[in-house]
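> Chains A and B, in that order, give the protein sequences.
Residues are numbered in my numbering as their position in the first sequence, beginning at 1, plus a constant of 1064.
Residues are numbered in my numbering as their position in the second sequence, beginning at 1, plus a constant of 1064.
First the structure, which I've put down as structure tokens, then a few questions once you've had a look.
Number of protein chains: 2
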Amino acid sequence: MSGELIYGGPLSERKKRILRSIIDAHIAMGEPIGSKYLVTSAEIPFSSATIRNEMAELTEMGYLEQPHTSAGRVPTQLGYRFYVDSLMESYKLTATEIVALNNMLKSKIGELDTIIQSASKLVANLTNYTSVAIKASERETVRAFSHMVLDEHNFLMVMKMSGENVKTKQVHTDIVLDENNVSRLMSLFNAYCVGVTPEDITYATIVKMESAMGSAAALVNPAVKAFYDAVATSTDSNVRFEGVNKLLEYPEFSSVDQLKRVFSMIENKEDFLDMLSNSDRNKINVFIGDEESRFASNSAFIFRPLTVDGKVIGAIGVFGPSRMDYSKVISTVEYLTQKITGIIEGRALPEPGEE
Amino acid sequence: MSGELIYGGPLSERKKRILRSIIDAHIAMGEPIGSKYLVTSAEIPFSSATIRNEMAELTEMGYLEQPHTSAGRVPTQLGYRFYVDSLMESYKLTATEIVALNNMLKSKIGELDTIIQSASKLVANLTNYTSVAIKASERETVRAFSHMVLDEHNFLMVMKMSGENVKTKQVHTDIVLDENNVSRLMSLFNAYCVGVTPEDITYATIVKMESAMGSAAALVNPAVKAFYDAVATSTDSNVRFEGVNKLLEYPEFSSVDQLKRVFSMIENKEDFLDMLSNSDRNKINVFIGDEESRFASNSAFIFRPLTVDGKVIGAIGVFGPSRMDYSKVISTVEYLTQKITGIIEGRALPEPGEE
DNA sequence: AGTTAGCACTTGATGCTTTTGAGTGCTAAA
DNA sequence: TTTAGCACTCAAAAGCATCAAGTGCTAACT
């Protein structure tokens, strides 16, 4: 897209063609690619010797590497990067795929949480990689507290959040509640806890509220807890994976050690949130693992943030081996996120068939 | 518990002792156990030859098997079953464990969904196996409707469900709301929709309510939608796993093939729901995999249904290798579910320290 | 009777060497 | 500048001997 990025020196057309063929073949087969293969199967019109020379140079330049002397070449992180940025042919979604996507979208209009998740499931199925659904954290606070007494030991704490939504939490106490009790408590909350983030709740505040409640001081603690939960939950955004077991199918993750590494990565959901917040919010982002990064060296993560009014509200992505069908994955994710953003912003869902 | 079940013939005390030692040792070490080990490490006061004879008979009877001629013995499914039913010593939770459990329980009172999930997380950590949290589909209905007006276009619909929990939905309408409007609407719901399942909502009911609402008929539709959502969501049960990556640590799942089988099992959440519905609702259930069952042969699933008023509302369980620390897992799960049921049924949470 | 020492036997695991074959880099010729 | 040819490298596979754990059985012992 961005013209002719210079990565490790400019590449002749022939080098590009060879590099692309190697990466395409490697993505398709998962094995190191040798010069002979390129002559016969990819139709590079040169002898294997010539190709070997070129490959040696590409290796020198950092685009390729050899697992060992007598093996073929495998793309490096740099190689993949260059491939994704300038070499790759864009994949055209098939009609079936578009129909599947649109059907899913149509049936879920209106529920953001579920739409992201269903989309993610679909992506996992269409691409056959593990997909990732991220709902971003919003730093919400409470605008106003109100309540509803349910019975003599339970009341409902109703919190109008800084967004347009309302959160409710059921609060249980051992002491006996009455309308009076609870409404006093809620006035306290309205006085002390409006616009307050989880970290701002100090012990002092709690003590103050407790003394103000007098004999019903025992009410304060569970209510604070409920409040904390409400504010904190909206903070803990969540990351969900679909089709994790698809990872098992790829030979690069076929040793238990590698699986362990990958799974422990997946466990660290914060890492994915980090990547989201460090990402470019207006386009597809492609992380490709290498030795230094916390990212397992043979894996990649492709995702596209979802934004509303310039705010990132989540993302949909795909996690898999760095030998990934970038082209197809990128097209699929791109298509979906475009459409979802459209729906969120209230535009109508276009009919299947248009490109 | 159920006295002396006869499995494959009655066992002499000595056979029982040997069988128990073998299974204990195998659970601890994960390797086939030979006669020599029992003489030295477990303190069976007989010579290895005698033990070998007994082992041969236990094998004959189906409690043990040999991976190959020159290997020690490993428990069979039947062996584990017998062990769990009559041999195993019950594990005493440590003080630390009880404290952890109670703390978690205390902090989550009131929200069934989260309580089950947090409990599950804790179980995964305490036992170091993958834990399973099941929320059963309950055919829940609404016991009583109430409301709270939020602003002139939104109100909160509060539904006390047939269980002890409360669900709330925010309802938005374009027409202007007032206390009067909404409370009339809720009386209608209390008249027509109490104890009603999603399928029971007929068009006729809706029309009736709309005509009763007169000029505010437009309120009915979104409210019905909210009601439907509340009742329908509780229908789709879900199964969630925590600590799936712990599976990778056990040698029985150390080949990728085995992992594939296990993961594909885990993907089939319906299977777990099936097992729940075929289970004994009043006690710990232990499924032990064998060759025939859909269950991977070297895995086991231990769970305890959670019931309220005799109705199964979910379950907490543990999934792991059949070589599992049954004793500890069962104690942990038992303790937790007892306490959770207590909480759900409104009994106070006992202090840590009591057994 | 029940128990045990002793021993031959089986068999996966371990470690070694050999073979194989894919793929390279280099040289010399076209 | 390209290519044919060839010697070289090295991981993976195959073959093989050795090891050690654990058994089952027999014969002796209490």
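Where a beta carbon is used, it is the ideal one built from N, C-alpha and C, also for glycine.
From a predicted model like this one, the values you see are computed outputs, not experimental measurements.
Quick one: is Arg1387 (chain A) buried, meaning 16 or more other Cβ sit within 10 Å of its Cβ, or exposed?
Buried: at least 16 other Cβ atoms inside 10 Å.
> Out of B:Thr1158, B:Ser1112, B:Asn1245, B:Lys1233, which one is the CA nearest neighbour of Ala1281 (chain B)?
Ranking the options by Cα distance to Ala1281 (chain B), first place goes to B:Asn1245.
> Taking any Cβ of chain A, which residues in the segment 1189 to 1222 of chain B have a Cβ under 8 angstroms from it, in chain order?
If the cut-off is 8 angstroms between Cβ atoms, the segment 1189 to 1222 of chain B has Ser1210, Met1212, Leu1214, Asn1218, Leu1220, Val1222 near chain A.
> Under 8 angstroms between C-beta atoms, does Asn1254 (chain B) make it to chain A?
Not closer than 8 angstroms to any Cβ of chain A, the Cβ of Asn1254 (chain B) fails to qualify, so no.
> For Val1103 (chain A), tell me which candidate among A:Thr1123, A:Ile1091, A:Ile1082 has the shortest Cα-Cα distance.
It is A:Ile1082 whose Cα lies nearest to the Cα of Val1103 (chain A).
> What is the residue span of the beta strand (DSSP E) that His1236 (chain B) lies within?
Taken as a continuous stretch (DSSP letters only), the beta strand (DSSP E) holding His1236 (chain B) covers 1230 to 1236.
> In chain A, which residues lie less than 8 angstroms from Ser1318 (chain B) when you measure between Cβ atoms?
Per Cβ cutoff of 8 angstroms: Val1320.
> I'd like to know if the segment 1322 to 1342 of chain A and the segment 1304 to 1323 of chain B are in contact, where contact means that at least 3 CB-CB pairs between them fall below 8 angstroms.
Contact between the segment 1322 to 1342 of chain A and the segment 1304 to 1323 of chain B is present, because at least three Cβ pairs lie under 8 angstroms.
> Would you mind listing the alpha helix (DSSP H) stretches within the segment 1247 to 1315 of chain A that are 4+ residues and don't spill past its ends, in chain order?
Runs of the alpha helix (DSSP H) inside the segment 1247 to 1315 of chain A: 1267 to 1277, 1284 to 1299.
> With a 10 Å radius around its C-beta and 16 neighbouring C-beta atoms as the bar for buried, classify Ala1113 (chain A) as buried or exposed.
The residue in question, Ala1113 (chain A), is exposed, as its Cβ has fewer than 16 Cβ neighbours within 10 Å.
> I want to verify the contact list: residues of chain A whose CB lies under 7 angstroms from the CB of Ser1328 (chain B), in sequence order.
In chain order: Asn1309.
> Taking the straight line between their C-alpha atoms, what separation do you get for Met1093 (chain A) and Pro1385 (chain A)?
One C-alpha to the other measures close to 13 angstroms.
> Note down, in chain order, each residue of its chain lying with its Cβ closer than 7 angstroms to the Cβ of Ile1115 (chain A), except the 5 sequence neighbours on either side.
So the qualifying residues of the chain are Ile1082, Ser1099, Leu1102, Val1103, Ile1108.
> Where DSSP assigns a beta bridge to Ala1379 (chain B), which residues make up the other side?
DSSP output for Ala1379 (chain B) lists B:Ile1198, B:Pro1369 as bridge partner(s).
> So, Phe1383 (chain A) versus Val1187 (chain A), is the Cβ gap smaller than 8 angstroms?
Contact flag unset, no.
> If you check the beta carbons only, do Ala1360 (chain A) and Ile1352 (chain A) fall under 8 angstroms apart?
For Ala1360 (chain A) and Ile1352 (chain A), no; Cβs fall outside 8 angstroms.
> Of all Cβ atoms in chain A, is any one closer than 8 angstroms to the Cβ of Lys1333 (chain B)?
With 8 angstroms as the cut-off, Lys1333 (chain B) does not count as an interface residue toward chain A.
> Keeping to the same chain, check which residues put their C-beta closer than 6 angstroms to that of Glu1316 (chain A); ignore five residues upstream and five downstream.
Within the same chain, Glu1316 (chain A) has close Cβ partners Asn1362, Pro1385.
> Return the CA-CA distance between Lys1403 (chain A) and Val1372 (chain A), expressed in angstroms with no decimal places.
Approximately 13 angstroms between the Cα atoms of the pair.
> Can you name the residues of chain A whose CB is closer than 7 angstroms to the CB of Val1230 (chain B)?
Ordered by position in chain A, the residues that pass the 7 angstroms Cβ test against Val1230 (chain B) are Leu1214, Leu1220, Gln1234.
> So for Val1206 (chain B), helix, strand or coil by DSSP?
It is a strand residue.
> Return the first residue and the last residue of the beta strand (DSSP E) that Asn1349 (chain A) is part of.
Per DSSP, Asn1349 (chain A) belongs to the beta strand (DSSP E) from 1349 to 1352.
> From Glu1161 (chain B) to Val1393 (chain B), what does the alpha carbon distance come to, in whole angstroms?
Going from the Cα of Glu1161 (chain B) to the Cα of Val1393 (chain B) covers about 12 angstroms.
> Under 8 angstroms, do Ile1380 (chain B) and Ser1184 (chain B) count as touching if we go by C-beta distance?
Cβ atoms of Ile1380 (chain B) and Ser1184 (chain B): closer than 8 angstroms.
> Does the distance from the CB of Val1350 (chain A) to the CB of Arg1368 (chain A) come in under 8 angstroms?
No, the Cβ-Cβ distance between Val1350 (chain A) and Arg1368 (chain A) is not below 8 angstroms.
> Give me the chain A residues within the contact set of Lys1080 (chain B), using Cβ-Cβ distance strictly less than 8 angstroms, ordered along the chain.
Near Lys1080 (chain B) there are no residues of chain A at all, since even the closest Cβ is about 36 angstroms away, more than 8 angstroms.
> Using C-beta distances below 7 angstroms, list every residue in its chain close to Gly1177 (chain B), excluding the 5 sequence neighbours before and after it, in chain order.
For the record, residue 1177 (chain B) in the displayed sequence is Asp; it is not Gly. If we look at Asp1177 (chain B) and ignore the five residues flanking it on each side, its Cβ neighbours are Lys1199.
> Tell me, please, whether the CB atom of Leu1176 (chain A) is closer than 8 angstroms to any CB atom in chain B?
Leu1176 (chain A) does not count as touching chain B.
> Given that Lys1185 (chain A) touches chain B, what residues does it touch there, using C-beta distances under 9 angstroms?
Per Cβ cutoff of 9 angstroms: no residues; Lys1185 (chain A) is ~12 angstroms from chain B at best.
> Looking at C-alpha atoms only, which residue of A:Thr1205, A:Phe1219, A:Val1284 is the closest neighbour of Asn1229 (chain A)?
Comparing Cα-Cα distances from Asn1229 (chain A) to each of A:Thr1205, A:Phe1219, A:Val1284, the minimum goes to A:Thr1205.
> Below 8 angstroms on C-beta distance, what does Lys1224 (chain A) contact in chain B?
Leu1214, listed in chain order.
> Give the interface partners of Leu1323 (chain B) over in chain A, defined as CB-CB distance under 8 angstroms, in chain order.
Those within 8 angstroms of Leu1323 (chain B) in chain A are Leu1312, Val1320, Leu1323.
> So, for Gly1259 (chain B): in the same chain, excluding its five sequence neighbours on each side, which residues have a beta-carbon less than 6 angstroms away from its beta-carbon?
Excluding residues within five positions, the ones whose Cβ falls inside 6 angstroms are Thr1205.
> CB-CB under 6 angstroms to Gln1181 (chain B), same chain, minus the five flanking residues each way: which ones, in chain order?
Counting only Cβ-Cβ distances below 6 angstroms, and skipping sequence neighbours, we find Ala1197.
> With distances taken between CB atoms, is the gap from Met1212 (chain A) to Met1212 (chain B) smaller than 8 angstroms?
Yes, these two residues count as a Cβ contact at 8 angstroms.
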